[in-house]
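Report on the structure given below.
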Ligand code: HEM
Ligand SMILES: *[C@@H]1O[C@H](CO)[C@@H](O)[C@H](O)[C@H]1NC(C)=O
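Numbering (mature numbering (1 follows the signal peptide of the UniProt record, and there is no 0)), first residue to last: -23 to -1, 1 to 293.
Listed below in structure tokens is the structure:
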């Protein structure tokens, strides 16, 4: 009797582990290529040193990879006769960037490892962390062992990537579909503490919104006219090259750049957390790191699934 329940308990524990922990592990490359992670860090540091915005761009690549059928490197694939690239999706076209740096990382990692053992999906996850660190943000242990897809879907990217005009219920629902909660939504939106956006994306808000600080709207209108200037850039917060809490203190002052940013502090259920983050950098850092790991766990390909691409832009 005792041994039978023992068996059942172990069977249950094994099942729980196998289904929830996947097989991602921070140590995944420790034996097979200990030089891999330092190589990624070197190139990210150099790229961010050359242009601080690149840190923001690399963070966003991991996000847009994970939200479209899991963190499988699909975003990096160029078009083939069988599918159109996700780079052409509404939320990506003329917007996501950093692919040349990813190519550079891939070439260097394969060189130091002596063969292609590190997936493009893992490169995105590590480059995102190294970018955040390079801009003064928190570090975390990146779970590794993702494999790369051989397919991409522009249609899926079109339907799941978020839009700047979303209100809070839409944002919450979109994250929920990815298995992420409201705390993840607020923490991860803090990614907008770095980087830039185009006038075309925030024009409607700075000319039409009522939940906006008038001085801030005026300041943004100066470089984003009613017509024309679509590609003019503005920072999400006052310190776009520093991973700090300015994004959240701006929201509290109705200085969010996108409708979706201000939606997090607009009288709804996330107001309190925005306020908390604006006052407690450590809480934001902790939560951001945790939520990045949760985002990085979305539907990875593991073990015999997918492949390790040789060129991140195409399947082997
Ligand atoms: C919550 C919903 C989100 C919406 C609606 C949203 C939307 C956008 C938009 C519209 C842009 C600017 C696009 C352009 O002008 O071309 C942008 C940029 C950016 N997003 Fe988000 N985003 C969201 C969440 C996130 C998350 C979760 C992260 C990362 C954890 C993130 C990281 C970034 C970064 C770093 C940039 C700047 C990129 C650069 O300067 O190259 N965003 N986002
Ligand atoms: C402001 O809103 C009106 C009505 O929705 C719209 O027609 C107009 O284009 C908007 N203005 C800007 C600058 O986006």
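Don't be surprised by glycine CBs; every beta carbon is placed ideally from N, CA and C.
{"query": "Rounded straight-line distance, which links the Cα of residue 84 to that of residue 26", "result": "20 Å"}
{"query": "7 Å Cβ cutoff met for residue 175 and residue 204", "result": "no"}
{"query": "Helix, strand or coil at residue -3 [DSSP, three-state]", "result": "At residue -3, the pLDDT of 49 sits below 50, so the modelled position is not reliable and the matter cannot be decided from this model."}
{"query": "For review: beta carbons within less than 6 Å of any heavy atom in ligand 2", "result": "180, 181, 184, 185 and 203"}
{"query": "Cutoff 8 Å; reference residue 159; Cβ partners in own chain excluding five residues on either side", "result": "149, 152, 246, 247 and 250"}
{"query": "Which residues DSSP lists as bridging residue 284, in chain order", "result": "125"}
{"query": "Three-state secondary structure assigned by DSSP to residue 292", "result": "coil"}
{"query": "Residue 17 beta carbon near ligand 1 (any heavy atom closer than 6 Å)", "result": "no"}
{"query": "Beta carbon of residue 211 nearer than 7 Å to that of residue 198", "result": "no"}
{"query": "Nearest-angstrom Cα separation, counted from residue 2 out to residue 164", "result": "23 Å"}
{"query": "Supposed close pair residue 101, residue 172 - CB separation, criterion 8 Å", "result": "Their Cβ separation, rounded to whole angstroms, is 16 Å, which puts residue 101 and residue 172 out of contact at 8 Å."}
{"query": "C-alpha gap between residue 133 and residue 36, whole angstroms", "result": "20 Å"}
{"query": "Residue-level contact to chain B via CB, residue 94, 7 Å cutoff", "result": "Considering every chain present, this structure includes no chain B. It has just one protein chain."}
{"query": "Distance, residue 75 Cα to residue 233 Cα", "result": "25 Å"}
{"query": "Rounded C-alpha distance that separates residue 261 from residue 254", "result": "5 Å"}
{"query": "Contacts around residue 276, its chain only, beta-carbon distance under 6 Å, and the 5 residues preceding and following it disregarded", "result": "47"}
{"query": "Residues sharing a beta bridge with residue 13, DSSP", "result": "Per DSSP, none; premise fails for residue 13."}
{"query": "Contact check, residue 286 vs residue 97, beta carbons under 7 Å", "result": "yes"}
{"query": "For residue 120 and residue 274, the rounded distance between their alpha carbons", "result": "8 Å"}
{"query": "Run of the alpha helix (DSSP H) containing residue 268, from where it starts to where it stops", "result": "258 to 273"}
{"query": "Coarse secondary structure for residue 174, derived from DSSP in three states", "result": "strand"}
{"query": "Whether residue 54 touches residue 129 by CB criterion (7 Å)", "result": "yes"}
{"query": "CA nearest to the CA of residue 202, picked from 179, 222 and 223", "result": "179"}
{"query": "Close beta carbons around residue 294, own chain, < 6 Å, minus the five adjacent residues each side", "result": "Not covered by the structure: residue 294. The range shown for the chain is -23 to 293."}
{"query": "Own chain residues within Cβ distance below 7 Å of residue 31, not counting five before or after", "result": "24, 25, 75 and 78"}
{"query": "Residue 217 in three-state terms, based on DSSP", "result": "coil"}
{"query": "Cα-Cα separation, residue 191 to residue 238", "result": "16 Å"}
{"query": "Of the listed residues 45, 194 and 86, nearest to residue 137 (C-alpha basis)", "result": "45"}
{"query": "Classification of residue 227 by the beta-carbon crowding that lies within 10 angstroms, buried from 16 upward", "result": "buried"}
{"query": "Those residues which DSSP pairs with residue 278 across a bridge", "result": "124"}
{"query": "Which of helix, strand or coil DSSP assigns to residue 54", "result": "coil"}
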